[in-house]
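In what follows, a single structure is set out as structure tokens and then discussed.
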């Protein structure tokens, strides 16, 4: 995430660079129990309802 505001000496403009190429989106689903993390899965892209239901059914 890139900052929206910056600091600079009085009377001077703040300059900065930000990455132009963004990486791929990774979604993570995990299930927690009393023992800690019971199950987890990471997928490229967004997770829809069917994907979440499949995670619940298999774990």
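In my numbering, the protein residues as written are 5 to 63.
The beta carbon of each residue, even a glycine, is placed where N, CA and C say it ideally should be.
With the cut-off set at 8 Å, would you say residue 31 and residue 50 are in Cβ contact? Against the chain shown, residue 31 aligns to sequence position 27. Against the chain shown, residue 50 aligns to sequence position 46. Contact flag set, yes.
For residue 17 and residue 6, believed in contact at Cβ under 8 Å, the rounded distance: Locating residue 6 in the chain shown gives position 2, where the first residue counts as 1. Locating residue 17 in the chain shown gives position 13, where the first residue counts as 1. Contact doesn't hold; Cβ gap of about 17 Å is too wide.
Mind reading off the beta-carbon distance from residue 33 to residue 45? Whole number of angstroms is fine, and I expect it under 8 Å. Within the chain shown, the letter at position 29 stands for residue 33. Within the chain shown, the letter at position 41 stands for residue 45. The beta-carbon separation of residue 33 and residue 45, rounded to 5 Å, stays under the 8 Å limit for a contact.
With DSSP collapsed to three states, give me the class of residue 51. Position 47 of the chain shown, counted from the first residue, corresponds to residue 51. The answer is coil: DSSP assigns residue 51 none of H, G, I, E or B.
Quick check on the DSSP output: the beta strand (DSSP E) that includes residue 38 runs from which residue to which? Your numbering for residue 38 matches position 34 in the chain shown. First-last for residue 38: undefined, no H or E at that position.
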